[in-house]
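Inspection log for the structure reproduced underneath, given as structure tokens.
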């Protein structure tokens, strides 16, 4: 299988990966943990600070899975908390906002089907 290998990130490793603003949205940060060589899958963490919401958007050619790790949010009109899961299919508009006074952190898997949607 070529250069295939197991990737393990310890807590210390995760602390060294920086948070970066997600698409210029104020108070929403992204930490990419792994990206496939072909770019057809991205795995990471998304952090929404209290009082923040994304502008709402559509992934025309990508799916997204998200698991809430900590905090509370509203995804596509539904309130979610730790342990909740959301699946967003391609072409569906969705909006995410924090609920309450805590930061919300989510683990996500983003699967683009076209090269123009491979930046997350």
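Residue numbers (the numbering used here): 397 to 516.
Using N, Cα and C, we set each Cβ at its ideal position, and we do this for glycine too.
Answer with buried or exposed for residue 478, where buried requires no fewer than 16 other C-beta atoms within 10 angstroms of its C-beta.
exposed
Chain C beta carbons: is any one of them nearer than 7 Å to that of residue 408?
As a matter of chain content, chain C is missing from the structure shown, which is built from one protein chain.
Residue 489 and residue 454 - do their beta-carbons sit closer together than 7 Å?
yes
Using only alpha-carbon positions, find the residue among 427, 444, 446 and 421 that is nearest to residue 438.
427
Anyone know if the C-beta pair for residue 450 and residue 492 falls short of 7 Å?
yes
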